[in-house]
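Here is the structure we will look at, set down as structure tokens.
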Amino acid sequence: SSRLPAHRVALPVGHPGPPLRARRATLAGMDSQYAEHLASLRKLMEEKGVECMLVTQVPVFFWLTGGRTYVPTIEGAGPSKAFVDKEKAVIITTAIEEHKMKNQECPGWEVRAAPWAGLPKTMDDIEAELIAGRKVETDTGDLSGDIDEMMVDLTEADMKAYIELGKDIGEALEEAARSVSIGDTEYKVSGLTHLAYNKRGIDLVMTAVAHDERIAWDRHPLPRLGAGTELKKVCMIATCGRRQGLICSLSRLVCFGEVPEELRKIHDACMQVDAEINMATVPGKTADECYSLLTKAYTDRGFPEQMLQHHQGGLIGYKCRHWIAQPGGRQVIRAGRAYAWNPTIAGKTIGTKSEDTIIVDKEGKVMNITPSPTWPYKEVKTADGKVFPRPDILVK
Numbered sequence: 002s003s004r005l006p007a008h009r010v011a012l013p014v015g016h017p018g019p020p021l022r023a024r025r026a027t028l029a030g031m032d033s034q035y036a037e038h039l040a041s042l043r044k045l046m047e048e049k050g051v052e053c054m055l056v057t058q059v060p061v062f063f064w065l066t067g068g069r070t071y072v073p074t075i076e077g078a079g080p081s082k083a084f085v086d087k088e089k090a091v092i093i094t095t096a097i098e099e100h101k102m103k104n105q106e107c108p109g110w111e112v113r114a115a116p117w118a119g120l121p122k123t124m125d126d127i128e129a130e131l132i133a134g135r136k137v138e139t140d141t142g143d144l145s146g147d148i149d150e151m152m153v154d155l156t157e158a159d160m161k162a163y164i165e166l167g168k169d170i171g172e173a174l175e176e177a178a179r180s181v182s183i184g185d186t187e188y189k190v191s192g193l194t195h196l197a198y199n200k201r202g203i204d205l206v207m208t209a210v211a212h213d214e215r216i217a218w219d220r221h222p223l224p225r226l227g228a229g230t231e232l233k234k235v236c237m238i239a240t241c242g243r244r245q246g247l248i249c250s251l252s253r254l255v256c257f258g259e260v261p262e263e264l265r266k267i268h269d270a271c272m273q274v275d276a277e278i279n280m281a282t283v284p285g286k287t288a289d290e291c292y293s294l295l296t297k298a299y300t301d302r303g304f305p306e307q308m309l310q311h312h313q314g315g316l317i318g319y320k321c322r323h324w325i326a327q328p329g330g331r332q333v334i335r336a337g338r339a340y341a342w343n344p345t346i347a348g349k350t351i352g353t354k355s356e357d358t359i360i361v362d363k364e365g366k367v368m369n370i371t372p373s374p375t376w377p378y379k380e381v382k383t384a385d386g387k388v389f390p391r392p393d394i395l396v397k
């Protein structure tokens with residue numbers, strides 16, 4: 002397989018080891034992708050006069066180390082922290098997590114483990130020794146905004162990892178969507194989607210599944226189980242998938258038999274709105290300008306009310322959205338970042354959505370990184386003559 006492993010595995014003595022392409026972390030200590038992130042953090046600390054920092058939050062820990070700090074996936078922070086000063090880069094954790102953090106999640110980092118008996122004092126003592134009386138900053142403190150900006154500026158290594166994730170996730174959602182059957186509950190479809198993602202080393206951090214008329218009712222349809230949730234004709238799957246911190250968003254629709262007239266009409270309009278905003282995601286444009294463009298795109302197609310029924314997406318990276326386009330929004334589209342727009346339209350009997358993740362490359366060009374390889378696409382032309390292929394409805 003050409004895919005990078007989702008997480009590094011410590012191998013027994015005598016094992017021939019992973020393929021050369023997967024050895025970057027095990028042979029050279031800290032992975033170069035995260036060594037570059039560490040250097041960026043230290044540069045920021047120096048500029049801001051910060052002597053030492055503790056990183057505790059899951060998205061920032063992922064960005065800094067590539068590793069998972071959580072155990073239950075619902076936690077915003079886990080039992081491990083990253084301590085950084087100008088000389089040391091240390092994972093502070095418990096003896097329970099020590100082997101995992103040293104050999105699987107954060108290779109190349111020094112790991113200091115505290116006995117679990119006596120927590121939190123045992124970890125606090127390690128922190129105090131490292132801090133040594135200096136003022137310490139955290140990733141939830143005054144530098145949180147600056148750190149967020151660093152996280153979304155993709156390095157070459159980040160872009161490569163993101164493109165590989167996008168390829169895999171586009172394949173995974175197509176595999177899941179093609180496997181659904183009439184009579185499946187929303188939870189079964191969610192399970193099929195988890196399977197397709199997990200076998201590619203991708204964790205689903207958001208799964209929305211709706212069948213038939215519910216697609217028109219709920220913009221964030223968490224899957225349900227039981228009578229009334231079974232698929233009759235149309236299935237929508239919307240997802241956010243994460244691998245080593247980076248997140249892609251994408252959605253797909255499946256229809257069994259002839260596509261209803263209303264669904265055909267609203268999906269065509271939704272694809273057009275999606276094409277307009279994606280092709281207008283150019284460096285220098287503000288979030289407010291994106292909001293205004295989306296409002297016009299819906300209005301021009303006869304659906305002005307839909308703009309206020311759901312947010313339309315925005316900047317993505319190590320969070321499902323770092324910001325969303327708002328009226329008056331002052332955030333600016335920049336090259337070397339990823340974006341995910343998610344237009345939706347609810348009709349009287351059915352609803353729809355169009356969504357992929359794009360990267361605006363260093364030259365400012367838009368690249369869809371989450372295509373599904375054999376999915377039906379439409380070449381959608383924007384008002385100014387540009388063409389952006391959008392995922393159509395898969396008819397089974």
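When we follow our numbering, the leftmost residue of the sequence shown carries the number 2, and every step to the right adds one. Quick reminder that beta carbons are idealized off the backbone N, C-alpha and C, glycines included.
- prompt: Between residue 380 and residue 372, is the Cβ-Cβ spacing less than 8 Å?
  reply: As a position in the sequence shown, residue 380 is number 379, starting the count at 1. As a position in the sequence shown, residue 372 is number 371, starting the count at 1. Not in contact: residue 380 and residue 372 (Cβ atoms no closer than 8 Å).
C-alpha gap between residue 398 and residue 167, whole angstroms: Nothing can be reported for residue 398: it is not among the residues displayed for the chain, which extend from 2 to 397.
Per-residue burial, residue 339 [other beta carbons within 10 Å of its own, 16 or more giving buried]: As a working note, residue 339 is residue 338 in the sequence shown. Looking at its Cβ environment, which holds 16 or more other Cβ atoms inside 10 Å, residue 339 is buried.
message: With DSSP as the reference, identify every bridge partner of residue 84, one or two as the case may be.
response: Residue 84 sits at position 83 when you count from the first residue of the sequence shown. Note: residue 84 sits in a beta bridge opposite 55, 91.
- prompt: If you count every other CB in all the chains shown that lies within 10 Å of the CB of residue 300, and 16 or more means buried, which is it?
  reply: Along the sequence shown, one-based indexing puts residue 300 at 299. Exposed is the call here.
query: Hey, how far is the Cα of residue 295 from the Cα of residue 277?
result: For the purposes of this step, residue 295 is taken as residue 294 along the sequence shown, with counting starting at 1. For the purposes of this step, residue 277 is taken as residue 276 along the sequence shown, with counting starting at 1. Answer to the nearest angstrom: the Cα atoms are 8 Å apart.
- request: Specify the secondary structure class of residue 241 as computed by DSSP and reduced to three states.
  value: The sequence position of residue 241 within the sequence shown is 240, counting from 1. Strand, per DSSP.
task: Could you tell me the distance, in whole angstroms, from the CA atom of residue 309 to the CA atom of residue 365?
output: Indexing the sequence shown from 1 puts residue 309 at position 308. Indexing the sequence shown from 1 puts residue 365 at position 364. Each residue's CA atom was taken as its position, placing residue 309 and residue 365 some 29 Å apart.
For residue 82 and residue 57, believed in contact at Cβ under 8 Å, the rounded distance: Locating residue 57 in the sequence shown gives position 56, where the first residue counts as 1. Locating residue 82 in the sequence shown gives position 81, where the first residue counts as 1. So it is a contact: roughly 5 Å between Cβ atoms.
DSSP three-state assignment for residue 40, whether helix, strand or coil: As a first step, residue 40 must be located in the sequence shown, where it is residue number 39. If DSSP states are grouped into helix, strand and coil, residue 40 belongs with the helices.
- request: Would you identify the three-state DSSP class for residue 278, choosing helix, strand or coil?
  value: Start at 1 with the first residue of the sequence shown, and residue 278 comes out as number 277. Correct three-state label for residue 278: helix.
- request: Mind checking which residues open and close the beta strand (DSSP E) that includes residue 339?
  value: On the sequence shown, position 338 is the one that residue 339 refers to. Unbroken beta strand (DSSP E) run through residue 339: 338-342.
task: State the DSSP-derived secondary structure class of residue 145, mapped to helix, strand or coil.
output: Indexing the sequence shown from 1 puts residue 145 at position 144. In the three-state reduction of the DSSP assignment, residue 145 falls in the helix class, which pools H, G and I.
- prompt: Nearest CA to the CA of residue 341: which residue from 119, 330, 358?
  reply: Taking the sequence shown and counting its residues from 1, one reaches residue 341 at position 340. Among 119, 330, 358, the Cα nearest to that of residue 341 belongs to 358.
- prompt: For residue 100, which three-state DSSP category applies?
  reply: Counting from 1 along the sequence shown, the entry for residue 100 is found at position 99. Residue state, collapsed to three classes: helix.
Alpha-carbon spacing of residue 346 relative to residue 252, whole angstroms: Counted from its first residue, the sequence shown places residue 346 at position 345. Counted from its first residue, the sequence shown places residue 252 at position 251. Using only the alpha carbons, I get a separation of about 13 Å.
- request: Quick one: residues in its chain with C-beta nearer than 8 Å to the C-beta of residue 156, no 5 flanking neighbours on either side, listed in chain order?
  value: Residue mapping note: residue 156 aligns to position 155 of the sequence shown, counting from 1. For residue 156, where only same-chain residues beyond five positions count, the Cβ hits under 8 Å are 34, 37, 38.
query: Within the chosen definition, does the segment 316-323 reach the segment 182-202 through at least 3 CB pairs nearer than 8 Å?
result: no
query: Considering only the beta carbon of each residue, do residue 59 and residue 78 sit closer than 8 Å?
result: Taking the sequence shown and counting its residues from 1, one reaches residue 59 at position 58. Taking the sequence shown and counting its residues from 1, one reaches residue 78 at position 77. Contact: yes.
task: Give the secondary structure of residue 271 by DSSP, where H, G and I count as helix, E and B as strand, and everything else as coil.
output: Locating residue 271 in the sequence shown gives position 270, counting from the first residue. Three-state result, residue 271: helix.
query: Is DSSP giving residue 32 helix, strand or coil here?
result: Taking the sequence shown and counting its residues from 1, the one referred to as residue 32 is at position 31. Residue state, collapsed to three classes: coil.
- prompt: Per DSSP, which one or two residues make a beta bridge with residue 390?
  reply: As a working note, residue 390 is residue 389 in the sequence shown. Paired residue(s): 380.
Close beta carbons around residue 382, own chain, < 8 Å, minus the five adjacent residues each side: By 1-based counting over the sequence shown, the position of residue 382 is 381. Result list for residue 382: 276, 388, in chain order.
Residue(s) in a DSSP beta bridge with residue 256: Taking the first residue of the sequence shown as position 1, residue 256 is located at position 255. Beta-bridge pairing links residue 256 to 235, 396.
query: Taking the continuous alpha helix (DSSP H) assigned at residue 296, which residues delimit it?
result: If you number the sequence shown from 1, residue 296 lands on position 295. Residue 296 -> alpha helix (DSSP H) spans 288-301.
field: Which residues DSSP lists as bridging residue 212, in chain order
entry: The residue given as residue 212 occupies position 211 in the sequence shown. Residue 212 is bridged to 236.
query: Is it right to say residue 29 is buried, meaning 16 or more other beta carbons lie within 10 angstroms of its own, or is it exposed?
result: Against the sequence shown, residue 29 aligns to sequence position 28. Since pLDDT at residue 29 reaches only 45, below the 50 mark, its modelled position is unreliable, and the value read off the structure follows with that caveat. Exposed.
query: On the three-pair Cβ rule with 8 Å, is the segment 321-332 touching the segment 271-291?
result: yes
query: What's the gap between the Cα of residue 135 and the Cα of residue 273?
result: The count along the sequence shown starts at 1 and reaches residue 135 at position 134. The count along the sequence shown starts at 1 and reaches residue 273 at position 272. Those two C-alpha atoms are separated by around 55 Å.
query: Along the chain, where does the alpha helix (DSSP H) that runs through residue 172 open and close?
result: Against the sequence shown, residue 172 aligns to sequence position 171. Taken as a continuous stretch (DSSP letters only), the alpha helix (DSSP H) holding residue 172 covers 157-180.
- prompt: What does a CB cutoff of less than 7 Å around residue 94 pick up in its chain, not counting 5 residues either side in sequence?
  reply: For the purposes of this step, residue 94 is taken as the residue at position 93 of the sequence shown. Once the five neighbours on either side are set aside, the close Cβ partners of residue 94 are 80, 81, 102, 112, 114.
message: Within a Cβ cutoff of 7 Å, which residues of the same chain sit near residue 153, ignoring the five residues on either side of it in sequence?
response: For the purposes of this step, residue 153 is taken as residue 152 along the sequence shown, with counting starting at 1. Closer than 7 Å at Cβ, skipping near neighbours: 316, 318, 323, 338.
Residue 248 versus residue 195 - alpha carbon distance: Indexing the sequence shown from 1 puts residue 248 at position 247. Indexing the sequence shown from 1 puts residue 195 at position 194. In a straight line, the C-alpha of residue 248 is about 15 Å away from that of residue 195.
- request: Evaluate residue 108 with the Cβ neighbour count: other Cβ atoms within 10 Å of its Cβ, from every protein chain shown; 16 or more gives buried, anything less gives exposed.
  value: The sequence position of residue 108 within the sequence shown is 107, counting from 1. Classification for residue 108: buried.
query: Measuring CA to CA, which of 89, 70, 75 is closest to residue 98?
result: Taking the first residue of the sequence shown as position 1, residue 98 is located at position 97. Residue 70 is the option with its Cα nearest to residue 98.
- prompt: CA-CA distance, residue 164 and residue 51?
  reply: Within the sequence shown, the letter at position 163 stands for residue 164. Within the sequence shown, the letter at position 50 stands for residue 51. Going from the Cα of residue 164 to the Cα of residue 51 covers about 34 Å.
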